[in-house]
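Going letter by letter, the sequence shown gives residues 39 to 316 in my numbering. Glycine is no exception: its CB is placed at the ideal position from the N, C-alpha and C atoms.
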Amino acid sequence: MPRTSTRPPPRIDLPIGVFDSGIGGLTVVRAMRIALPREDIVYLGDTARVPYGGRGPDTVIRYARQCTRFLADRGLKMLVVACNTVSAVALDMLRVEFDVPVVGVIEPSARAAARATRTGRVGVIGTEGTIRSGAYDRALAAVSSRCEVLGHPAPLLVPLVEEGWIEGEVPRLAVERYLTPLCELGIDTLILGCTHYPVLRPLIDEVLATLSSRPVATVSSADAAANEVMATLDARELRRDERRGATRFYVTDRPEQFVHVGTKVFGADVETAELVDL
Ligand code: DGL
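Here it is as structure tokens:
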């Protein structure tokens, strides 16, 4: 009888796993699709338990472990933690417990900000959990001795984006309210330290231009993470260069809402999402 091979696919052909607390990680997937069009991506959005931003570190760590286990069980060559809140508190644990290279969004954004700033005054907006953790302060201190981090939570921007309310008076007022204290402190660089904020980038850039007397550079954690993924794949010789890659989406609640908002607000190519239980 012919023997069927049980050999697993070569590592280079495995997908890259990406997870987020919900839909916001699509900004990272979008940036990765542009930077790495030939890679397969498997995305998990924990839409049943979003938002993570106001939860304590122990809860976020527990959720992160469950999300990673789900993706790792499907076979991965790399894991990308798209969520800033998870990257802020759970990255070290994931790197110790799981046997795949893990890329978070905070270290790459900190490096990009250190390159962009001239004065060393770097603002960060993110969820309560991200700002409270001090993760951006530590990441910037690790790459530059001349940077001062000025953090401000901006939680209201998350539901505004999910509502598709990304232009006009209401989001403008919210953005102004959050950025005024940072501009008064003289930042010249702003890290968009939350998955949802890159969707508001045009508005944020406009508001910064009116509030600040000097030009302020914005750093998107989604773009910074996509560049880091590319560099890590190259360093490990894991980059695939044949055929176009595909993306598969899993969510823990309301797949139809994920498809709708993912397409309409995040401009991602989401045709279908599969409902799963962690
Ligand atoms: N994904 C989260 C982050 O980037 C934002 C949404 C949430 O609070 O879960 O921090």
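Find the nearest neighbour of residue i within the set the options, judged by alpha-carbon distance.
i, options, result
"G55", "V308, V299, G300 and Y288", "Y288"
"A284", "V308, G113, E222 and A177", "V308"
"V303", "E207, D226 and W203", "W203"
"D254", "I79, S125, A148 and R156", "A small correction: the amino acid at residue 254 is Val; Asp does not occupy that position in the sequence shown. The candidate whose alpha carbon is nearest that of V254 is R156."
"S147", "R170, D261 and P293", "D261"
"D291", "A311, D279 and R278", "A311"
"L249", "E222, I169, E275 and E205", "E222"
"L230", "Q104, L178, G161 and G142", "G161"
"G164", "L129, S125, G206 and V67", "S125"
"I79", "R252, R215, R184 and A120", "A120"
"P193", "N122, Q295 and I99", "N122"
"Y174", "L195, A151 and V237", "A151"
"I242", "L188, Y216 and E266", "Y216"
"E166", "V245, T270, G189 and R281", "G189"
"L220", "G300, H234 and T256", "T256"
"E244", "P139, V187, I169 and R210", "R210"
Which of helix, strand or coil does DSSP assign to residue i?
i, result
"H234", "coil"
"F296", "helix"
"A255", "strand"
"D272", "helix"
"F108", "helix"
"R100", "helix"
"I242", "helix"
"L114", "coil"
"L82", "strand"
"Y216", "helix"
"D307", "coil"
"R286", "strand"
"I72", "helix"
"E312", "strand"
"I61", "coil"
Go ahead and label residue i buried or exposed: buried means 16 or more other beta carbons lie within 10 angstroms of its beta carbon, across all protein chains shown.
i, result
"A273", "exposed"
"E208", "Here the sequence assigns Val to residue 208, which means Glu is not the residue at that position. The residue is exposed, with fewer than 16 neighbouring Cβ atoms inside 10 Å."
"S259", "buried"
"R149", "buried"
"L84", "Checking the sequence, you will find Asp at residue 84 rather than Leu. Buried, by the Cβ-count rule."
"A212", "buried"
"G94", "exposed"
"S14", "Beyond the ends of the chain as shown, which are 39 and 316, falls residue 14; an answer cannot be given."
"R159", "buried"
"E145", "buried"
"A11", "Given that the chain is displayed from residue 39 to residue 316, the structure contains no residue 11 and the question cannot be resolved."
"A264", "buried"
"E294", "exposed"
"A177", "buried"
"G305", "exposed"
With contact counted as at least three CB pairs below 8 Å, one residue from each stretch, are the region 84-104 and the region 46-65 in contact?
Cβ pair count under 8 Å is three or more, so yes.
Inter-stretch contact at 8 Å, needing at least 3 Cβ pairs: the region 70-77 / the region 130-142
These segments do not touch.
Quick check for students: name the residue ranges of the alpha helix (DSSP H) that lie wholly in the region 158-214, counting only runs of 4 or more.
Scanning the region 158-214 from its first residue to its last, the whole alpha helix (DSSP H) runs of 4-plus residues come out as 166-171, 173-181 and 195-200.
Quick one: which unbroken alpha helix (DSSP H) runs of 4-plus residues sit fully inside the region 120-148? Chain order, please.
With a minimum length of 4 residues, the continuous alpha helix (DSSP H) runs that stay inside the region 120-148 are 122-135.
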